[in-house]
Structure formats: structure tokens, C-alpha cells
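Numbering (this note's numbering), first residue to last: 9 to 426.
For every residue, glycine included, the Cβ atom is placed at its ideal position computed from N, Cα and C.
Small disclaimer: the values here were computed from a predicted structure and weren't measured.
Inspection log for the structure reproduced underneath, given as C-alpha cells.
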């Protein structure tokens, strides 16, 4: 990604972080670096972003350039307002920065023009001149998705029309760019593989660890029409999931908060303002535990020990909530393989030889129903749930069709059968 191949590039030791940084983001670091986010004030008067990252973070210029092209650096010409709970010194620094900019541009401190200068946006040009006193947020160790380099993207296209592409999404790759990585995602990789000029537009999402049918729009008109089909519940999805225990056949109905962030909190009973989560388990087949595939694809166990058998479920979505299949199956004591977020609670009960009681989920639901503070909810989540999976999840968007269409699209063999 170095745009200046004639310039010598070498590794550089960062005194501030104690890391040896290579000249490029490639090859991928191994082992994966832990998260590192730096918040900087622009020190130089007419300096570039590459200059600032080299000076303040001891990064090789070529590595800094790669970070910016990767989408890992964000910038605002004026220091944005700090969170309310920030230290008094931080608030004072912001007030001084705002007053200085007000004098510099002849604007009122609360003017809309100054507020626009405080908006943080992704920096795209490594050699853009920055305003002294501006703000930089640098994701020095962006989250990486190495699976995208192992995929035959053209080979995973189920169909392509002038209006849309349907991809058999691989597990381990996000649908679209993340806050620190615009490169390693389905939309970007498929755009390059197909040689398209206009960016593909995301119509719906699948979790990073989920594989299967994904619809990407080529035109704004199709994006609008498909979003309307989703809103009218005219898009029909059937999933395949591999659970650690046998779930019951038939419909599962739970209730969730309308603005529930991951992890999705469920209740067995309706509560004021909560929304229904409903699916139907059409079939359950006992299959061998996928020991070989688990090792080759770096699946995490989530605390559930390997066993002789797993249970492949065919699931029809009735409502379409984020994490719905994952949360509902975990709720009945049958978490999906690889689901490090929803598996820990059921895994504890499983290892203790208890019947699935959902007691841990009820505890958090009760806390949320009392409208505890968001920070307290976050702490409770960490205690009861795990982190989002870093590897593949045993969930496949198997079949997809919509009412105005003439075909049903079917994904290939799920990873756990390979």
C-alpha cells in the first residue's frame, strides 16, 4: 500500500508504545496486535497527517500512510467537545481551543460553522495539510480479517444482475467497512474481484462470523426497493445453525427491548414496550462434532467442551432482530458453536449438569427492566456474556427469496461440514 515505492522504508521502534512497527500493514501481524487507539492534537503548523503520526507515535512514514489509506485515522479541524464525565483539565483544554478558533475565524463560540469544524470524519489523504490544534484519532492496530485473503470471491457469487449481486458470504469477514478498516470486507473485496466502478451498497447485514446469502445492491433504485421489501416482511430467510445441544422443534417466542444493543437481552414474558422475537425450528439433525473444521478455521469454543455430537438446525425467521437466532437458541440452552458472546451462560449450566434455566439471562433482564444506568448495564453484560466471536460462527443464511422475485437463492455447504 506504500504509494512511494522509491523511498526507502524500514521498521521502526515506537518508544511511546514499546512496539516494533514494520514499514507496512502487510503482511498481517502475527500474533494479532491488541487494540491501540491514540487521541492526538495536531502540533505542526502546516504538517501532514503522515508527519504527525511519525512525530508523535514514532511510526514509519509508510506504515502511517497505510493506516490512513486503510481507514484507521479520523480527523477534525477543531477539537471536538469531550464527554461530560471527562476530567476538568480536558474540558478546559476544549474551551481554550474553541475560544482560540473563535478569535481566529471571527465566529461566535457556539456558531454552526465552528460546530461543523468539530465533526470527526475519516481522513483519506495521507498528505493533506492539517490545522494546528486539530484533532486526530488513530487506530494504530486496526482489527484485521485475514479470512478475506483466503477467499475466491468470484467463486462465491451466487448470481449477478445489473441491479444486484448475491454473495455466499464467507464466515470471518464483515459485510462492510469498520471504524478502523475500510479494506477487509465483503463489499470492498467483491467490488475489486468483479471489477466494478461504483461501490456496492449494503441492503442488510450478517454478523462477521455468519456465512451465507448476502444481497448487495448495484443501484440506488434496487437498494430502495429491497429495503422496502424488508420493511414489509416480504424477504424470506431460512438459516442453518449448529447447536451444542438439541433444541425443541416448533416456534420459539421471546421478547426484547426495542433498542437492545449486543448482546441481545431476552425475556420469556412480554414486558411494557418490548418487542417479540420469533422463529421456527423446522428440523434438527444429529451430526458429528466438527473437530477438524473447528481447528482449521480457528473457531473459539466459548467455554463449551467438545463432544461427540452437535445438532444442525433448520430455522425459519419470523421476525428479524439483530443476533436473533443466536440469542434465542442460547436462551433455551442450545447455543451455537463458536458463539463466544451467548455461549458462556449456558456453558456454565451445562458443565454443572443443570437443566437450562435461563437464570443468568433473567438476572440481566431484571436489571434492564429497572432501567439501570447504561454503564452499569455494560458491566453486567461483561459478567454474564462473552465478547463477539473472533472466528467463525456456526450459523449460515442458507436460503433467501423475496415476494417480487422468481428465484430462491441457496448458499453452499456450511463450513462445519467441510
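- At least 7 Å separates the beta-carbon of residue 222 from that of residue 208.
- Distance from the CA of residue 192 to the CA of residue 79, rounded to the nearest whole angstrom, comes to 11 Å.
- Within a 10 Å sphere around the beta-carbon of residue 291 sit fewer than 16 other beta-carbons, which makes this residue exposed.
- Under DSSP, residue 245 takes part in a beta bridge, and its partners are 408.
- Nearest to residue 162 by alpha-carbon distance, out of 395, 194 and 182, is 194.
- Within the same chain, and ignoring the five residues on either side of residue 257 in sequence, the residues whose Cβ sits closer than 6 Å to its Cβ are 289.
- Per the coordinates, the alpha-carbon of residue 419 lies some 48 Å from the alpha-carbon of residue 64.
- Note that the stretch 52-64 does not touch the stretch 177-192; fewer than 3 beta-carbon pairs, one per stretch, sit closer than 8 Å.
- The stretch 238-251 makes contact with the stretch 391-408, as at least three CB pairs between them are under 8 Å.
- Between residue 350 and residue 324, the CB-CB gap reaches or exceeds 7 Å.
- At least 7 Å separates the beta-carbon of residue 231 from that of residue 183.
- Closest in alpha carbon position to residue 107, among 123, 96 and 187, is 123.
- Excluding residues up to 5 positions away in sequence, 57, 76, 81, 82, 83 and 144 lie with their Cβ nearer than 8 Å to the Cβ of residue 131 in the same chain.
- Under a 10 Å Cβ-count criterion, residue 181 is classified as buried, with 16 or more other Cβ atoms of the shown protein chains found around its own Cβ.
- 7 Å or more divides the Cβ of residue 279 from the Cβ of residue 319.
- As computed with DSSP, residue 221 is found in a beta bridge with 176.
- By the neighbour-count criterion, in which 16 or more other beta carbons inside 10 Å mark a residue as buried, residue 234 falls on the buried side.
- Nearest C-alpha to residue 201 among 217, 171, 218 and 157: 157.
- Rounded to the nearest whole angstrom, the CA to CA distance from residue 301 to residue 137 is 49 Å.
- Annotation note: the stretch 246-282 contains the following uninterrupted beta strand (DSSP E) runs of length 3 or greater, listed N- to C-terminal: 258-264.
- In this structure, the alpha-carbon of residue 129 lies about 46 Å from that of residue 297.
- Counting along the chain, residue 186 sits inside no beta strand (DSSP E), nor does DSSP assign it H or E at all.
- If you draw a 10 Å sphere on the C-beta of residue 295, you find fewer than 16 other C-beta atoms in it, and that means exposed.
- Secondary structure of residue 326 (DSSP, three-state): coil.
- Within a 10 Å sphere around the beta-carbon of residue 226 sit 16 or more other beta-carbons, which makes this residue buried.
- Just measuring C-alpha positions, the residue of 408, 88, 37 and 314 sitting nearest residue 125 is 88.
- Cβ contact annotation for residue 146 (same chain, cutoff 6 Å, sequence separation greater than five): 46 and 81, in chain order.
- With a threshold of 16 other beta carbon atoms within 10 Å, residue 93 falls short and is exposed.
- In its chain, beyond the 5 residues on either side, 178, 181 and 197 have a beta carbon closer than 8 Å to the beta carbon of residue 159.
- With contacts defined by Cβ atoms closer than 7 Å, residue 237 and residue 410 form a contacting pair.
- Taking a C-beta distance under 7 Å as the contact criterion, residue 348 and residue 397 qualify as a contact pair.
- By the 16-neighbour rule on beta-carbons within 10 angstroms, residue 113 is exposed.
- Relative to the Cα of residue 307, the nearest Cα in the group 342, 218, 68 and 277 belongs to 218.
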